[in-house]
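Participant: Structure incoming, see below.
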Amino acid sequence: MKLSEWIRHREITGKPCFSFSDVTAAFADMSEQPLLNSLSRYVRSKRLALVARGFYCIIPPQYALQGLVPPSYYVDQLMSYIGKLYYVGLLSAAAFWGAAHQRPQQFSIMTTYPRYSRSSDRNNMLIWFYRTEIPEKFLLTKNTETSCVKYSNAELTAIDLVQFEQHIGGLSRAATVLSELLENTNFRGAHDTLFNFTTVATVQRLGYIVDEILEERGQADIIYNELKLYSNHFRYCWLSTKHDKKKSAISEKWKLYINTEIEPDEI
Numbered sequence: 070m071k072l073s074e075w076i077r078h079r080e081i082t083g084k085p086c087f088s089f090s091d092v093t094a095a096f097a098d099m100s101e102q103p104l105l106n107s108l109s110r111y112v113r114s115k116r117l118a119l120v121a122r123g124f125y126c127i128i129p130p131q132y133a134l135q136g137l138v139p140p141s142y143y144v145d146q147l148m149s150y151i152g153k154l155y156y157v158g159l160l161s162a163a164a165f166w167g168a169a170h171q172r173p174q175q176f177s178i179m180t181t182y183p184r185y186s187r188s189s190d191r192n193n194m195l196i197w198f199y200r201t202e203i204p205e206k207f208l209l210t211k212n213t214e215t216s217c218v219k220y221s222n223a224e225l226t227a228i229d230l231v232q233f234e235q236h237i238g239g240l241s242r243a244a245t246v247l248s249e250l251l252e253n254t255n256f257r258g259a260h261d262t263l264f265n266f267t268t269v270a271t272v273q274r275l276g277y278i279v280d281e282i283l284e285e286r287g288q289a290d291i292i293y294n295e296l297k298l299y300s301n302h303f304r305y306c307w308l309s310t311k312h313d314k315k316k317s318a319i320s321e322k323w324k325l326y327i328n329t330e331i332e333p334d335e336i
C-alpha cells in the first residue's frame with residue numbers, strides 16, 4: 070500500500086488524524102526520512118495539515134480551498150495524542166454558548182502543566198492556557214464533524230473569563246461576553262465545588278461585574294451568598310491587577326478597590 074492510499078483509507082474510514090508514529094508503524098519496512106518527505110509534500114499541497122509537531126490532519130474537501138482545518142475538527146484527537154486532559158475554554162467556549170459577541174480568531178485550549186512545547190509553528194489557530202487541575206465535573210461534550218470536544222460549562226466559562234481576562238482583551242471584554250453568558254449560568258452550590266478551581270479574588274471580581282456593571286442582581290446575590298459560604302473573611306483586593314494600584318473608589322460589598330472602569334459593549 071502506498072502512503073497516498075493509506076491516507077485515503079483513513080479518510081474514508083473516519084480517521085482523519087494521525088501521528089508520525091502511526092505512519093512509521095504502518096510502513097515499518099521504510100526508513101523515516103522518505104516518509105517525512107512525502108508527508109511534507111502533502112502538507113505543501115494542502116492535502117494534510119500539520120497541526121502540531123508529528124501530528125497531522127487530513128484536509129477534507131470542504132476546507133481544501135483555505136488549506137486550513139478548524140481546531141474543533143482535530144483538537145480531541147490531538148489531546149489524546151498528547152496524553153493530557155483538556156477543555157475548550159474562554160472565548161471559544163463562550164462561542165459554543167452563543168455568547169462570544171464576535172467569533173474568536175484563535176481556539177483556546179485549557180490543559181494542565183507542564184506546558185506543551187510541540188505545537189507546530191505553522192498552527193497559530195491554537196492558544197494554550199494552563200492550570201494545575203482540570204475540573205472535569207464542569208465540562209460538557211459537543212459533537213463535531215469528526216468526533217467531539219470537551220468544553221467548559223457556563224459557570225466555569227464565566228469564572229475563566231474573569232480569571233484570565235488579560236488574555237481576552239480585559240475586564241470590559243469579559244463583561245461584554247458575560248452579559249450574554251449569564252442567561253445560562255446558575256451558581257447555586259458553587260461554594261462546595263466550582264470555587265475550589267479558582268481564587269477568591271476572581272469570584273469577588275465576577276460578583277462585582279455581575280452586580281454593579283451588568284446589574285444582574287439575582288445572580289449577583291447567589292454569587293455573593295456562595296462566596297460567603299466558601300470564604301466568610303475574604304479580603305480587599307484590586308479590581309484590576311494590570312492597572313495602577315492607587316487610591317480609588319471602594320466596593321464594600323465585594324471588598325474591591327475599583328482602580329479601572331469597566332465598559333461593556335452594547336449587544
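Counted the way my numbering counts, the sequence shown spans residues 70 to 336.
Where is the CB? At the ideal position from N, CA and C, for every residue including glycine.
Quantities reported herein were computed from a predicted structural model and do not represent experimental measurements.
1. Can you tell me which residues form a DSSP beta bridge with M179?
2. Return yes when the Cβ of L137 is within less than 9 Å of the Cβ of P204, no when it is not.
3. Grab the span of the alpha helix (DSSP H) containing K297 for me, first residue to last.
4. In chain order, which continuous runs of the alpha helix (DSSP H) of length 4 or greater are located wholly inside the region 258 to 284?
5. Should T210 be labelled buried (16 or more other beta-carbon atoms within 10 Å of its own) or exposed?
6. I'd like the span of the alpha helix (DSSP H) that includes F89, first residue to last.
7. Tell me whether S161 sits in a helix, a strand or coil according to DSSP, three-state version.
8. Within 10 Å of its beta-carbon, does Q146 have 16 or more other beta-carbons around it, so buried, or fewer, so exposed?
9. Going by DSSP in three states, N212 sits in which element: helix, strand or coil?
10. On the three-pair Cβ rule with 8 Å, is the region 216 to 227 touching the region 299 to 318?
11. Would you report the Cα separation of S107 and P85, rounded to the nearest angstrom?
12. In this structure, does DSSP put K219 in helix, strand or coil?
13. Report the rounded CA-to-CA distance for Y277 versus P173, giving the unit in angstroms.
14. Starting from S320, trace the beta strand (DSSP E) both ways and give me its first and last residue.
15. Express the C-alpha separation of S141 and I327 in angstroms, rounding to a whole number.
16. Given this structure, state the Cα-to-Cα distance separating Q175 from N193, to the nearest angstrom.
17. Are E101 and A244 closer than 9 Å when you measure CB to CB?
Facilitator: According to the data block:
1. Y156, F198
2. no
3. 286 to 299
4. 269 to 277
5. exposed
6. 89 to 95
7. helix
8. buried
9. strand
10. no
11. 17 Å
12. strand
13. 25 Å
14. 318 to 320
15. 38 Å
16. 7 Å
17. no
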